[in-house]
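Student:
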Amino acid sequence: GENVEQHPSTLSVQEGDSAVIKCTYSDSASNYFPWYKQELGKRPQLIIDIRSNVGEKKDQRIAVTLNKTAKHFSLHITETQPEDSAVYFCAASFSGGYNKLIFGAGTRLAVHP
Amino acid sequence: DSGVTQTPKHLITATGQRVTLRCSPRSGDLSVYWYQQSLDQGLQFLIQYYNGEERAKGNILERFSAQQFPDLHSELNLSSLELGDSALYFCASSARGTGGSETQYFGPGTRLLVL
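First to last, the protein sequences are chains A and P.
Oh and the first sequence: position 113 is 99 in the numbering used here, straight run, nothing missing.
Count along the second sequence from 1, add 85, and you get the number used in the numbering used here.
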């Protein structure tokens, strides 16, 4: 069935360290993989996305990699800062659902000064 | 600000009642999506509308219904409310909602508390 697994559920790092969050998806026809950042009580905000014709995408301190064969994609945050602390959600689109997104369960990232 | 608006911001009601949540998409967007976020469930897709027509359904309860109007705003109706319906309800919009690779922009959400 339609499923996105996300690990870890919580991640604690020191300021300046890197953080990596990993997701796997079930539908091999998925072609769009966004990452959202959500602060407490706020809306999910898109931070980066990748489409299936690309293996990696970077935007300043944030990068996403996609391995279509293994059905894995990952978020990499370098030089973390306290303001990076939030819950991060990965998602994958599903072929039968137009633009329907299935979300992972989320990763709570804490960056300690 | 994503350009997606939702009202009301907060809603407190009692079990058995019915409420309506409203969403206005970004200017020019034709697709609207509804998601439910409970404490222990993450973001769950409920339903998608495109230009007034239902396009995709998720795990939406029969007590819930939605529609999209000619001006493209959407309403999510929740009836016979139960304690477990307490959650954040988000609306998102995208340009067309087809092809499976469009960015979705989220509104600020409506926090529903059922007592």
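From the three backbone atoms N, C-alpha and C, an ideal C-beta is built for every residue, glycine too.
#1: My output table needs one value for A/E69: the three-state DSSP class, helix, strand or coil.
#2: Contact between the segment -4 to 11 of chain A and the segment 65 to 77 of chain A: three or more CB pairs below 8 angstroms?
#3: So is P/L163 buried or exposed if we call it buried at 16+ other beta carbons inside 10 Å?
#4: Does A/N53 pass the burial test, meaning 16 or more other C-beta atoms within 10 Å, or should it be called exposed?
#5: Strictly below 8 angstroms CB to CB, what residues from chain P border A/A91?
#6: Should A/D35 and A/Y18 be called a contact, given that it needs their Cβ atoms to be closer than 9 angstroms?
#7: What are the partner residues of P/G127, as DSSP defines its beta bridges?
#8: Quick check on P/S106: does DSSP put it in helix, strand or coil?
#9: By the three-class DSSP mapping on this structure, what secondary structure does P/L168 have?
#10: Measure from the C-beta of P/P93 to each C-beta in chain A and report whether the shortest distance is under 9 angstroms.
Tutor: In short:
#1: helix
#2: yes
#3: buried
#4: exposed
#5: G127
#6: yes
#7: P/S123
#8: The sequence shown places Leu at residue 106 of chain P, not Ser. Note: P/L106 maps to strand in three-state DSSP.
#9: helix
#10: no
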